[in-house]
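K.L.:
Using our numbering, the first residue of the sequence shown is number -9, and each one after it goes up by one.
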Amino acid sequence: MSDAQKLKEHLWKKMSDGPFVMVGLEGQHAEPLTVQLDKDQVDTLLFFVGRDNRLVAGGRAMAQFVSKGQDFFACLSGTISIDNDPALIDKLWSKPVEAWFPGGRNDPNLTLIRFDINEAELWESDMSLTGKLKMIFGGKIDPAEEGSHAKVDSTAV
């Protein structure tokens, strides 16, 4: 399995374990959001937001992800648009989402946005034991000991 393939698999696993990302439209500050993952939608992140959220305007965007263990990092570029498909809202609905939208699935403030990923850069710090020891004692770390990195056009596995 290639490094890129392994990293793509790890992205989705790590993101489902800790689904918090920073998302921002091009030229604007990013904000923290909880991603809703739908395994049927390749290269797509989904978010429930209020209709007054600045991301609802849509357009080119960036998202950054750091795993819970701080051993996996992703920078994703793509496009944000509204996707208020009732079937998709039903599929993704959960108690944590309902806590933000007390009116339920029909809350007038509810908006589902989608982030369609165009490109991604992924890093995993799976440093070898030798590399970790060198780092502790100030030795030179060889590229083979520092982890994995890939630029990909699709995050599909």
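Just so it is clear, CB atoms sit at the ideal spot from N, CA and C, and this is done for glycine as well.
Counting only runs that start and end within the region 67 to 121, where is the beta strand (DSSP E) found for 3 or more residues in a row?
P.N.:
100 to 114, all fully within the region 67 to 121.
K.L.:
With distance defined between alpha-carbon atoms, name the residue in Phe62, Asn96 and Arg44 nearest to Gln54.
P.N.:
Selected option, being the one with the closest Cα: Phe62.
K.L.:
Once DSSP output is grouped into helix, strand and coil, what is the label at Ala47?
P.N.:
Reduced to three states, the DSSP call for Ala47 is helix.
K.L.:
Would you check if the distance between the CB atom of Gly8 and the CB atom of Ser84 is smaller than 8 Å?
P.N.:
No; because the gap between Cβ atoms is not below 8 Å, this pair is not in contact.
K.L.:
Can you name the start and end residues of the alpha helix (DSSP H) that Glu16 belongs to?
P.N.:
It is not in any alpha helix (DSSP H) - Glu16 carries neither H nor E in the DSSP assignment.
K.L.:
Short of 7 Å in beta carbon distance, which residues of its chain neighbour Leu119, apart from the five on each side in sequence? Order them along the chain.
P.N.:
Low confidence applies to Leu119: its pLDDT is 49, below 50, so where it sits in the model is not reliable, and the reading given next is rough at best. Once the five neighbours on either side are set aside, Leu119 has no close Cβ partner at all.
K.L.:
Measure the alpha-carbon distance for Lys(-2) versus Asn43 and round it to whole angstroms.
P.N.:
Approximately 29 Å between the Cα atoms of the pair.
K.L.:
Would you please state the rounded distance, in angstroms, between the beta carbons of Phe25 and Phe37? I believe it to be under 8 Å.
P.N.:
This sequence places Val at residue 25; Phe is not what is there. At roughly 6 Å, the Cβ-Cβ gap stays under 8 Å, so Val25 and Phe37 are in contact.
K.L.:
Would you identify the three-state DSSP class for Leu35, choosing helix, strand or coil?
P.N.:
Reduced to three states, the DSSP call for Leu35 is strand.
K.L.:
By how many angstroms is the C-alpha of Trp113 removed from the C-alpha of Asn99?
P.N.:
Cα-Cα distance, rounded: 36 Å.
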